[in-house]
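Undergrad: Supplied in structure tokens, the structure appears directly below.
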Amino acid sequence: MKNKNLVNLTSRGLTVLSLAATFTLSACGGGGGGGGSGGGGENLPPLLNLSNFQPADIVIGQADFIGTGPNKETGYGTPEADSLATPYGNPAVSPSGTLFISDSSNNRVLGYHTLPTVNTAAADFVLGQPDFTSNEPGMLSSPQGVSIAGGRMAVANFDGDRVLIYNTIPAGGGTEPDVVVGQVDFNSQEDTCDATHLNSPEAATLTADGRLVVADSAHNRVLIWNTLPTTHGQPADLVLGQADFTHCDPNDDDQDGLSGPRSARTLDYPTGLWTDGRRLAVIDNDNNRVLIWSTFPTSHFQPADIVLGQADFTSASASTGTLDTPYGIDSNGRQFAVADSRNHRVLIWNGFPTSNFQQADIVLGQSDLTHNQSNDDDQNGEDDGAASARVLNFPAGVRFYQDKLLISDMANHRVLIFQSQ
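Note that our numbering gives residue 300 to position 275 of the sequence shown, counting from 1, and the numbers run on in steps of one.
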């Protein structure tokens with residue numbers, strides 16, 4: 026669990042703003058957000074028909090939809106093949122249909138040979154542990170999301186200040202990574218602000234054309250490798266959020282080493298990434314926003330083109346009318362999803378966003394955009410003390426897969442699968 030964000034969760038106030046003029050919600054499962062799609066002429070997936078406050082169809086990691094505790098209510102020290110403890114970051118599904126879930130507090134990644142179709146499915150294999158009942162920190166201490174592309178897999182290893190790359194997608198337990206990024210070898214751990222080292226990375230994503238993009242979170246930057254690293258400690262080629270590889274302060278637009286006014290090119294603890302190799306979207310967590318580059322960045326400190334969750338590039342308010350501590354992000358090229366974590370909801374745009382502060386079309390976890398309590402099935406503004414199939418508690422990852430949306434419901438220690446209706 027992340028110390029920095031535990032502070033955020035306990036100390037941040039929450040102000041509910043009127044949404045009448047600034048942020049409205051279209052009809053349930055409604056039409057697109059205009060403009061953007063997957064781009065010229067490509068085959069786009071069908072539009073997932075999801076509706077506000079829709080219940081999930083499948084739960085992974087809990088005995089039922091009501092449970093909320095780690096490892097099926099047994100605590101952090103007793104994992105099993107069918108349990109989860111703090112699933113953080115985006116799940117991933119391989120081309121063959123293998124599901125991978127980063128089970129962070131159990132210090133492992135679970136693999137399911139097929140996407141579960143029944144509740145409480147047990148994993149088929151485990152990475153980072155010798156068996157399903159062990160969870161001591163090791164190779165995969167506090168993994169933060171999984172990415173698969175081009176026959177390879179990457180895992181952000183938060184506690185190790187590194188990203189692990191598997192040159193082939195694991196098909197069974199005991200598979201070890203081939204390359205470490207962010208450290209010079211598998212045994213080192215340094216967090217120097219330079220082109221080589223990482224500090225508490227929360228996300229890593231691969232592209233089909235061989236790029237690696239990493240949210241170097243505590244360095245307040247995003248690093249890009251234009252070709253997939255093949256040697257340990259390979260330095261990055263490009264940095265966003267900073268003008269060079271030796272600056273790492275948040276919102277440091279003038280690069281004087283001090284936090285200052287935020288802008289279209291600064292970052293404050295980025296945590297989520299999505300790219301199709303042509304566009305890039307970044308969750309700028311502590312600025313409570315999503316930044317979108319309409320074309321893939323090619324220069325250091327390049328400013329973003331679009332901001333979501335805020336009316337402009339200098340604002341960072343947290344409310345139900347904006348975003349509050351967002352984490353995971355994903356797109357299928359047609360729809361766009363953001364885990365708006367401290368508002369305990371997932372927002373979905375039915376068209377790829379093309380303008381600042383563009384409204385979402387669908388909300389999951391809440392009945393509308395004026396509610397933001399965790400596990401509030403009756404929507405009375407209070408936590409019910411139990412979960413349900415349609416509530417969320419600090420969602421921290423999202424993934425589109427075929428006609429489904431997967432959500433890592435972190436504080437309920439489960440992953441939910443929503444089926445297009």
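Every residue gets a Cβ at the ideal spot worked out from N, C-alpha and C, and that includes glycine. The structure displayed is predicted, hence computed values, not measured ones.
(1) Quick check on DSSP: helix, strand or coil for S130?
(2) Is it true that the region 325-343 meets the region 391-408, where meeting means three or more beta-carbon pairs spaced less than 8 Å apart?
(3) Give a yes or no on whether the C-beta atoms belonging to V363 and P116 are separated by under 8 Å.
(4) Going by DSSP in three states, G185 sits in which element: helix, strand or coil?
(5) Which whole-angstrom value is the C-beta distance of A110 and N96, which I expect to be below 8 Å?
(6) By Cβ distance below 7 Å, which residues in the same chain neighbour G207 in space, the five residues on each side in sequence not counted?
(7) Please determine, among A229, T255, A146, I190, the residue with the shortest C-alpha to C-alpha distance to L305.
(8) Helix, strand or coil, according to DSSP, for G58 in the structure here?
(9) From the DSSP output, in three-state form, read off S433 for me.
(10) Do L263 and P322 have their C-beta atoms within less than 8 Å of each other?
(11) Determine the closest residue to G258 out of D293, Y426, S213, with distance taken between C-alpha atoms.
(12) State buried or exposed for G86, treating a residue as buried only when at least 16 other CB atoms are found within 10 Å of its CB.
(13) Quick check: the region 365-374 against the region 316-330, are there 3 or more CB pairs under 8 Å?
(14) Below 8 Å, how does it come out for the region 67-78 and the region 428-438: are there three or more Cβ pairs, yes or no?
(15) In whole angstroms, what separates the C-alpha of T47 from that of G353?
(16) Could you pull out every residue in the same chain whose Cβ sits closer than 6 Å to the Cβ of T145, ignoring the five residues on either side in sequence?
(17) Tell me where the beta strand (DSSP E) around P420 begins and ends.
(18) Which residue from R303, P295, T255, G406 puts its Cα closest to that of A421?
(19) Smallest Cα separation from D281: which of Q267, N182, V151?
(20) Since I believe Q335 is in contact with T347 (beta carbons under 8 Å), could you give me their beta-carbon distance rounded to a whole number of angstroms?
TA: Let me spell this out:
(1) Counting from 1 along the sequence shown, the entry for residue 130 is found at position 105. It is helical.
(2) Cβ pair count under 8 Å is below three, so no.
(3) As a position in the sequence shown, residue 363 is number 338, starting the count at 1. As a position in the sequence shown, residue 116 is number 91, starting the count at 1. No, they are not a contact pair.
(4) Along the sequence shown, one-based indexing puts residue 185 at 160. In this structure, G185 counts as helix in the three-state DSSP scheme.
(5) As a first step, residue 110 must be located in the sequence shown, where it is residue number 85. As a first step, residue 96 must be located in the sequence shown, where it is residue number 71. A110 to N96, Cβ: 5 Å. Contact.
(6) Looking up residue 207 in the sequence shown gives position 182. Around G207: D186, R187, V188, H222, L223, P226.
(7) One-based indexing of the sequence shown puts residue 305 at position 280. Ranked by Cα distance from L305, the options A229, T255, A146, I190 are led by A229.
(8) Residue mapping note: residue 58 aligns to position 33 of the sequence shown, counting from 1. In this predicted model, G58 has a pLDDT of only 30, less than 50, meaning its place in the structure is not dependable; the value taken from the coordinates is given anyway. It is coil, neither helix nor strand.
(9) For the purposes of this step, residue 433 is identified with residue 408 of the sequence shown, where counting begins at 1. In this structure, S433 counts as strand in the three-state DSSP scheme.
(10) Within the sequence shown, the letter at position 238 stands for residue 263. Within the sequence shown, the letter at position 297 stands for residue 322. Taking 8 Å as the Cβ cut-off, L263 and P322 qualify as a contacting pair.
(11) Counted from its first residue, the sequence shown places residue 258 at position 233. With respect to the C-alpha of G258, the residue from D293, Y426, S213 having the closest C-alpha is S213.
(12) Along the sequence shown, one-based indexing puts residue 86 at 61. G86 comes out buried.
(13) With the cut-off at 8 Å, the region 365-374 and the region 316-330 do not touch.
(14) Between the region 67-78 and the region 428-438, the count of Cβ pairs shorter than 8 Å is three or higher; the stretches touch.
(15) Indexing the sequence shown from 1 puts residue 47 at position 22. Indexing the sequence shown from 1 puts residue 353 at position 328. The predicted model places T47 with a pLDDT of 32, which falls under 50 and marks its position as unreliable; any figure quoted below should be read in that light. Pairing T47 with G353, the inter-Cα distance amounts to about 23 Å.
(16) Working through the sequence shown from its first residue, we reach residue 145 at position 120. If we look at T145 and ignore the five residues flanking it on each side, its Cβ neighbours are A88, D107.
(17) Along the sequence shown, read from residue 1 onward, the residue named residue 420 stands at position 395. That run of the beta strand (DSSP E) goes 420-426.
(18) Within the sequence shown, the letter at position 396 stands for residue 421. The shortest CA-to-CA distance from A421 to any of R303, P295, T255, G406 is the one to P295.
(19) As a first step, residue 281 must be located in the sequence shown, where it is residue number 256. Of the candidates Q267, N182, V151, the one whose C-alpha sits nearest the C-alpha of D281 is Q267.
(20) Against the sequence shown, residue 347 aligns to sequence position 322. Against the sequence shown, residue 335 aligns to sequence position 310. The C-beta distance from T347 to Q335 rounds to 6 Å, short enough to fall under 8 Å.
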